[in-house]
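Just so we're on the same page, my numbering is the position in the sequence shown counted from 1, plus 73.
All residues carry an ideal CB built from backbone N, CA and C; glycine is no exception.
Only one structure is covered here, and it is reproduced in the block below.
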Amino acid sequence: MARRAAQQDRRPGLGTLLPQGIARARPLHRWVRAALLLFITVSALDAVRLVLTGPGLGFGDRDYELLLVVLETATVAVLALRSSWTWLPLAALLVLLHPQTNPGSYMVVIPLVLAFTAYGAALPGLAAAVGAFLVWQTSWAVNVSVVGPQFLWSYVPLTLVLLLPGLVLRALSAQQELDRVEIAAGQERTAHALEQQRLELARELHDIVAHDLTLIAMQARSGAYSRDPETMKEALDVVGDSSRAALKDLRRLLGIMRVEPGAGLAQDSSAAAAVDTGRGLEEVAAALREVGFRTDTRVRGDLARIPEGVRPTVQRVLQEGATNIMKHAPARTSCVLAVQVDEADVVVEVHNAAGPGSGPGLPASGYGLLGLRERVQLLGGELAAGPADGGWRVGARIPLGPAAV
Numbered sequence: 074m075a076r077r078a079a080q081q082d083r084r085p086g087l088g089t090l091l092p093q094g095i096a097r098a099r100p101l102h103r104w105v106r107a108a109l110l111l112f113i114t115v116s117a118l119d120a121v122r123l124v125l126t127g128p129g130l131g132f133g134d135r136d137y138e139l140l141l142v143v144l145e146t147a148t149v150a151v152l153a154l155r156s157s158w159t160w161l162p163l164a165a166l167l168v169l170l171h172p173q174t175n176p177g178s179y180m181v182v183i184p185l186v187l188a189f190t191a192y193g194a195a196l197p198g199l200a201a202a203v204g205a206f207l208v209w210q211t212s213w214a215v216n217v218s219v220v221g222p223q224f225l226w227s228y229v230p231l232t233l234v235l236l237l238p239g240l241v242l243r244a245l246s247a248q249q250e251l252d253r254v255e256i257a258a259g260q261e262r263t264a265h266a267l268e269q270q271r272l273e274l275a276r277e278l279h280d281i282v283a284h285d286l287t288l289i290a291m292q293a294r295s296g297a298y299s300r301d302p303e304t305m306k307e308a309l310d311v312v313g314d315s316s317r318a319a320l321k322d323l324r325r326l327l328g329i330m331r332v333e334p335g336a337g338l339a340q341d342s343s344a345a346a347a348v349d350t351g352r353g354l355e356e357v358a359a360a361l362r363e364v365g366f367r368t369d370t371r372v373r374g375d376l377a378r379i380p381e382g383v384r385p386t387v388q389r390v391l392q393e394g395a396t397n398i399m400k401h402a403p404a405r406t407s408c409v410l411a412v413q414v415d416e417a418d419v420v421v422e423v424h425n426a427a428g429p430g431s432g433p434g435l436p437a438s439g440y441g442l443l444g445l446r447e448r449v450q451l452l453g454g455e456l457a458a459g460p461a462d463g464g465w466r467v468g469a470r471i472p473l474g475p476a477a478v
């Protein structure tokens with residue numbers, strides 16, 4: 074909403090000259106309202122005293138003068154509390170005044186009312202109040218024979234002078250409100266962008282380290298319980314290779330963050346490397362075999378048809394599925410890694426014969442599947458993970474078309 078309001082304010086025409094929202098009513102500050110109410114209360118009490126016990130207001134009719142005091146009080150009170158409706162009591166007051174007195178004799182309350190109405194009333198209410206005032210001036214100047222109609226023109230500049238301070242403050246207030254809305258919208262966009270970057274960074278860090286650290290943990294456990302030097306050597310080799318791979322990926326991620334701070338992390342850090350899906354599939358399968366899982370790979374369709382923007386996510390699905398197998402499935406479990414390229418989609422599946430929790434297991438954060446689902450959905454695809462055929466299946470379907478670009 075805030076963004077749309079700011080855009081509307083930039084449209085050509087009058088909106089480029091006047092701040093958006095200038096036509097609506099704006100409440101007076103509470104201290105201004107209190108001052109107006111105090112002023113009119115004191116003035117009304119003094120006027121009533123003059124009417125009842127003193128010489129009066131100079132009109133010669135006590136009831137008429139009391140009615141003037143009531144309307145004057147009502148005008149200022151409505152101005153303080155609901156400025157858009159000030160024109161109603163003001164018009165009644167001016168009708169009652171005409172033609173008993175000239176405009177100059179009432180140039181205390183009425184200018185005050187006009188000035189504050191110019192600031193606080195909605196434009197229709199302001200127009201009605203100004204119209205009533207101008208009609209009063211015109212009718213008095215025309216009907217009083219001792220003063221010619223040219224007397225009217227001396228009040229037109231005076232009316233503009235009375236309105237000008239309120240109109241200027243009104244425009245400044247509207248501009249300040251618009252600025253606050255734009256600042257709030259900018260802060261909201263910044264917070265959203267930072268949140269997206271934080272989530273993307275969390276996904277990247279998980280994708281980079283989770284698979285390799287799981288391999289390290291599995292091999293460290295295997296080496297600790299083995300007395301066979303050859304087995305221990307193989308475990309240490311895997312630990313070394315996985316550590317170097319994790320370190321390389323972390324350095325690549327840090328390089329992207331430093332060199333391209335404005336690009337964000339939405340472009341997967343592996344995308345720049347033009348991931349080879351076939352080789353990535355074999356690497357994940359080899360990692361599973363190294364820790365004792367019987368692994369079968371299945372490929373259907375032309376892997377070269379997978380867009381470069383989709384390949385990193387396909388690789389992440391394979392890695393996340395393999396990581397879950399290493400964490401939760403018992404050793405020597407049979408598993409299948411499959412990639413199928415259809416006419417419009419690529420389907421990736423990782424399936425193991427025993428479901429998570431059936432083996433000794435490693436602690437799971439749950440962030441892996443959550444981040445993977447977000448990554449797949451960004452490409453217009455869908456991810457499913459759950460029990461299947463007595464085991465556990467992680468599968469994703471990702472479009473090859475424009476939604477994936």
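{"Query": "Other residues of its chain near Ala461: CB distance less than 6 Å, five sequence neighbours each side excluded", "Result": "none"}
{"Query": "Distance between Ala191 and Arg99 (C-alpha atoms, nearest Å)", "Result": "10 Å"}
{"Query": "Span of the beta strand (DSSP E) around Asp418", "Result": "418-425"}
{"Query": "Run of the beta strand (DSSP E) containing Thr370, from where it starts to where it stops", "Result": "367-373"}
{"Query": "Where Gly351 sits in the DSSP three-state scheme", "Result": "helix"}
{"Query": "CB contact flag (Leu149, Val186, <8 Å)", "Result": "With the sequence shown as reference, residue 149 is identified as Val, and Leu is not the correct amino acid for it. Yes, the pair counts as a contact, with Cβ atoms nearer than the cut-off."}
{"Query": "Ala426 versus Val254: straight-line alpha-carbon distance, rounded", "Result": "57 Å"}
{"Query": "Beta-bridge partners of Glu356, as assigned by DSSP", "Result": "Bridge partners of Glu356: none, in fact."}
{"Query": "Secondary structure, alpha helix (DSSP H): runs of 4+ residues fully inside the region 103-169", "Result": "103-126, 135-154"}
{"Query": "Proximity of Ile379 and Val419 at Cβ, strictly below 8 Å", "Result": "yes"}
{"Query": "Cβ separation of Ser156 and Ala194, assumed to be a contact under 8 Å, to the nearest whole Å", "Result": "4 Å"}
{"Query": "Beta-carbon proximity list for Ser246, same chain, < 8 Å, skipping 5 on both sides", "Result": "Arg99, Tyr192"}
{"Query": "Bridge-paired residues (DSSP) for Glu455", "Result": "Arg470"}
{"Query": "Straight-line Cα distance separating Leu196 from Trp160", "Result": "11 Å"}
{"Query": "Beta-carbon spacing of Leu207, Thr232 below 8 Å", "Result": "yes"}
{"Query": "Same chain only: Cβ atoms within 8 Å of Ala188, ignoring 5 sequence neighbours per side", "Result": "Leu235, Leu236, Pro238, Gly239"}
{"Query": "Beta-carbon proximity of Ala153 to Leu101, cut-off 8 Å", "Result": "yes"}
{"Query": "Delimiting residues of the beta strand (DSSP E) encompassing Val383", "Result": "Element bounds for Val383: n/a, residue is neither H nor E."}
{"Query": "Sequence-distant residues of its chain with Cβ nearer than 8 Å to Gly459 (five each side left out)", "Result": "Trp465, Arg466"}
{"Query": "Rounded straight-line distance, which links the Cα of Glu356 to that of Ala395", "Result": "11 Å"}
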